[in-house]
Amino acid sequence: MKISTKGRYALRMALDLAEYQKDGYISLKEIAERQGISKKYLEQIVPLLSKSGLLRTNRGNRGGYMLAKPADVLTVGEILRATEGNLAPVSCLEYPENTCPRAQECAVLPIWEGLHKVMTDYLDHITIKDILEQNHEHITGGDYCI
């Protein structure tokens, strides 16, 4: 599985919002400038995060964006599922019930199920706060490499 630019940039956006949360709502222009991401690209990510309930928006003069969940609760897995869709390594695991006609006789299905479990467990246990704390002394200027 390969995480797209959209998923990586959404993580950077979430990290930026968490880092500067004390400033209240933050404009896309500010995030774009700090992260070196085009504002247009961030505009494509916002609806995905908003629809998933991960982002709050405020219009107007003091408008902008803020995380809808605390950084110590919001996980990498949630952000990637919002931007990438299901994180299943094979199509037969994309839905809760495996409807593949070969599922009962598939010798490699347990491998894919195990990989899916390891990936989701890992990504669902890393919070935005964890990343900020782990990398805080290494990061200068709010530029995150993901």
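Just add 551 to wherever you are in the sequence shown, counting from 1, and you've got the working numbering.
Just so it is clear, CB atoms sit at the ideal spot from N, CA and C, and this is done for glycine as well.
Predicted model only: the values in this text are computed from it and were never measured.
Inter-residue spacing [alpha-carbon to alpha-carbon] between residue i and residue j
| i | j | result |
| --- | --- | --- |
| Gly587 | Met617 | 19 Å |
| Leu605 | Val659 | 35 Å |
| Lys591 | Ile582 | 12 Å |
| Ser642 | Gly628 | 18 Å |
| Ala569 | Asp681 | 11 Å |
| Val624 | Pro640 | 25 Å |
Whether residue i touches residue j by CB criterion (9 Å)
| i | j | result |
| --- | --- | --- |
| Ala561 | Thr634 | yes |
| Thr626 | Leu666 | no |
| Ile677 | Ala565 | no |
| Asp567 | Arg585 | yes |
Same chain, Cβ closer than 8 Å to residue i, five either side skipped, listed in chain order
| i | result |
| --- | --- |
| Leu600 | Ala561, Met564, Ala565, Leu606, Ile630, Ala633, Thr634 |
Distance between beta carbons of residue j and residue i, contact taken as under 8 Å
| i | j | result |
| --- | --- | --- |
| Ile577 | Gly615 | 5 Å |
Residues near residue i in its chain [Cβ-Cβ closer than 6 Å; skip 5 each side]
| i | result |
| --- | --- |
| Lys553 | none |
Residues near residue i in its chain [Cβ-Cβ closer than 7 Å; skip 5 each side]
| i | result |
| --- | --- |
| Ile596 | Lys557, Tyr560, Ala561, Met564, Thr634 |
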